[in-house]
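Position 37, counted from 1, in the sequence shown is what our numbering calls 33; the numbers after and before it change by one each time, with no gaps. Just so it is clear, CB atoms sit at the ideal spot from N, CA and C, and this is done for glycine as well. Fair warning: this is a prediction, and the values are worked out from it, not measured in the lab. Structure first, then comments.
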Amino acid sequence: MSQAHFEGKYEVELKYRLQDREAFLNQLRRLPHQIMLEDNVEFDRYYDTEKGCLAKEEKYLILREMRPSGIKLWIVKGPGDKQCQATRIDNIDSAAAMLENLGYDVVLRLTKTRSIYFIDQYHVTVDTLNGLGDFAELAIMTDDEAQLADFERGLISLAEQLGLSEDDRETASYRELVLTS
-3 MSQAHFEGKY EVELKYRLQD REAFLNQLRR LPHQIMLEDN VEFDRYYDTE
47 KGCLAKEEKY LILREMRPSG IKLWIVKGPG DKQCQATRID NIDSAAAMLE
97 NLGYDVVLRL TKTRSIYFID QYHVTVDTLN GLGDFAELAI MTDDEAQLAD
147 FERGLISLAE QLGLSEDDRE TASYRELVLT S
């Protein structure tokens, strides 16, 4: 796995609703790519205080466990949609206990099946969420805030190569989609 794909303080991400998952994957396979993992199941636990202090500040604290890969992550998103940081952790149960000891509660559980591919400096995730459908996320992480607009243009170009259009764009987060479904 190329850990460099997931390093940085900022994330540029474009999400698309897939009309035909297999057609999208066939298009992806036509481009030079690397496979990080396929059909991994991710279990996300979103934490917040009883009063929703983090959500009010557009911040999200997530513990993610991935199977069968065994990857465990501590993720902080926000404020806003451009900042995202993640770090691997060894003991997710201990991390959960520490958060609960600090007064955080699980406010949402989200499960998805995810495959991750690398195309150049970008990563492409293909997600299936029960009841919501199939999605593709095209993203890049960076510490260079000045590069965000250029990276977004690059992701739009990649989306076009993958047969995705602006009509397929999904601007709501999975969290928002789950809460409004």
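- Task: For Thr83, I'd like the list of residues in its chain whose CB is within less than 6 angstroms of its CB, leaving aside the five on either flank, ordered along the chain.
- Result: Residue numbering aside, residue 83 sits at position 87 when the sequence shown is read from its first letter. Excluding sequence neighbours, Thr83 sits near Trp70.
- Query: DSSP on Lys186, reduced to helix/strand/coil?
  - Reply: Outside the shown range of the chain (-3 to 177) lies residue 186, about which nothing can therefore be said.
- Secondary structure at Met(-3), three-state DSSP: helix, strand or coil? In the sequence shown, residue -3 corresponds to position 1, counting from 1. Residue confidence for Met(-3) is low, a pLDDT of 42 falling below 50, so the modelled location carries little weight and cannot support an answer.
- Query: For the candidate residues Glu172, Ala135, Arg105 and Val102, whose alpha-carbon lies nearest to that of Ile152?
  - Reply: In the sequence shown, counting from the first residue as 1, residue 152 sits at position 156. Comparing Cα positions, the closest option is Ala135.
- Can you tell me the Cα-Cα spacing of Ser(-2) and Tyr118, whole angstroms? Within the sequence shown, numbered from 1, the residue matching residue -2 stands at position 2. Within the sequence shown, numbered from 1, the residue matching residue 118 stands at position 122. Only weak support is given to the placement of Ser(-2): the predicted model assigns it a pLDDT of 49, under 50, and the question is left unresolved by the model.
- Under a three-way DSSP split, which group does Ala82 fall into? As a first step, residue 82 is located in the sequence shown; it is residue number 86 there, counting from the start. Strand at Ala82.
- Item | Leu50 vs Ala92 beta-carbon contact at 8 angstroms | Within the sequence shown, the letter at position 54 stands for residue 50. Within the sequence shown, the letter at position 96 stands for residue 92. With respect to the 8 angstroms criterion, Leu50 and Ala92 are not classified as neighbours on the basis of their beta carbons.
- Query: Comparing alpha-carbon positions, which option in Ile88, Asp86, Thr109 and Gly76 lies nearest Glu9?
  - Reply: Residue mapping note: residue 9 aligns to position 13 of the sequence shown, counting from 1. Among Ile88, Asp86, Thr109 and Gly76, the Cα nearest to that of Glu9 belongs to Gly76.
- Message: Quick check for students: name the residue ranges of the alpha helix (DSSP H) that lie wholly in the region 11 to 55, counting only runs of 4 or more.
- Response: 17 to 25 and 49 to 52
- Item | Exposure label - Asp40; buried when at least 16 CB within 10 Å | As a working mapping, residue 40 is identified with position 44 in the sequence shown. By the 10 Å Cβ count, Asp40 comes out buried.
- Report yes if the CB atom of Ser111 is closer than 8 angstroms to the CB atom of Val122, and no otherwise. Sequence index remark: in the sequence shown, residue 111 carries index 115 (1-based). Sequence index remark: in the sequence shown, residue 122 carries index 126 (1-based). Closer than 8 angstroms, so yes.
- Task: Indicate whether the contact test is met: 3 or more Cβ pairs, each with one atom in the region 29 to 43 and one in the region 10 to 18, closer than 8 angstroms.
- Result: The region 29 to 43 vs the region 10 to 18: no contact.
- Query: For Arg171, which residues of its own chain have a beta-carbon under 8 angstroms away from its beta-carbon, when the five flanking residues on both sides are left out?
  - Reply: Taking the first residue of the sequence shown as 1, we reach residue 171 at position 175. Hits under 8 angstroms: Tyr42, Tyr56, Leu104 and Leu106.
- Message: Helix, strand or coil for Ser111? Go by DSSP, reduced to three states.
- Response: Indexing the sequence shown from 1 puts residue 111 at position 115. Three-state result, Ser111: strand.
- Query: According to the neighbour-count rule (16 or more other Cβ atoms, all chains shown, within 10 Å of its Cβ), is Asp44 buried or exposed?
  - Reply: The residue given as residue 44 occupies position 48 in the sequence shown. Per the 10 Å Cβ criterion, buried.
- CB contact flag (Ile88, Leu27, <8 angstroms): The residue you call residue 88 lines up with position 92 of the sequence shown. The residue you call residue 27 lines up with position 31 of the sequence shown. Cβ distance not < 8 angstroms, so Ile88 and Leu27 don't count as in contact.
- Query: Which stretch, first to last residue, makes up the beta strand (DSSP E) that contains Thr138?
  - Reply: Reading the sequence shown from its first residue, position 142 is the one you call residue 138. Thr138 -> beta strand (DSSP E) spans Gly129 to Thr138.
- Item | Gly4 and Asp139 closer than 8 angstroms at C-beta | Locating residue 4 in the sequence shown gives position 8, where the first residue counts as 1. Locating residue 139 in the sequence shown gives position 143, where the first residue counts as 1. In terms of Cβ geometry, Gly4 and Asp139 form a close pair [threshold 8 angstroms].
- Taking Asp101 and Glu46 to be in contact with their CB atoms under 8 angstroms, please state how far apart those CB atoms are, rounded to whole angstroms. Within the sequence shown, residue 101 is the residue found at index 105, counting from 1. Within the sequence shown, residue 46 is the residue found at index 50, counting from 1. Sure, about 7 angstroms apart at Cβ, within 8 angstroms.
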